[in-house]
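Participant: Numbering (this note's numbering), first residue to last: 1 to 127.
We put the beta carbon where it would ideally sit given N, CA and C, even for glycine.
Model, not experiment: these values are computed from the prediction.
The structure under discussion is supplied below as structure tokens; questions concerning it will follow.
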């Protein structure tokens, strides 16, 4: 059984974001944070997260590597926040817009319990 937690507080607080940006600024690293290199860093850290699951076979949770997953996921999120800062993207607004767009692409009535991509759902709905 998968462990699921629900929280009322934001996943990333404004205080945490300020801490991430201060960490970068205290070291004068902003000069190196161009969109290309930040996007590459997100991909590299995501690959390190994926590595936690390599050779796990049927064990899709790999709970023994949860600490490593937490660290790699944190790296992905940190780089994503740095990229959003660099690009001037309001992540809260962007994520909410994306959820709304996905809700339109994946209506509950057509997608509930299905892993089909939206274009396959549309074909099924027409049939």
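Under a three-way DSSP split, which group does residue 13 fall into?
Facilitator: Mapped onto the chain shown, residue 13 falls at position 13. Residue 13: coil per DSSP, three-state reduction.
Participant: What are the start and end residues of the alpha helix (DSSP H) that includes residue 98?
Facilitator: Taking the first residue of the chain shown as 1, we reach residue 98 at position 98. Taken as a continuous stretch (DSSP letters only), the alpha helix (DSSP H) holding residue 98 covers 91–105.
Participant: Consult DSSP for residue 76 and reduce its assignment to one of helix, strand or coil.
Facilitator: Along the chain shown, one-based indexing puts residue 76 at 76. Note: residue 76 maps to helix in three-state DSSP.
Participant: Helix, strand or coil: which one does DSSP assign to residue 63?
Facilitator: As a first step, residue 63 is located in the chain shown; it is residue number 63 there, counting from the start. The answer is helix: DSSP assigns residue 63 an H, G or I state.
Participant: Tell me, please, whether the region 43–54 touches the region 93–104 by the rule of three or more beta-carbon pairs shorter than 8 Å.
Facilitator: no
Participant: Between the C-alpha atoms of residue 96 and residue 121, what's the straight-line distance to the nearest angstrom?
Facilitator: What you label residue 96 is simply residue 96 of the chain shown in a count that begins at 1. What you label residue 121 is simply residue 121 of the chain shown in a count that begins at 1. Their Cα atoms are separated by approximately 23 Å.
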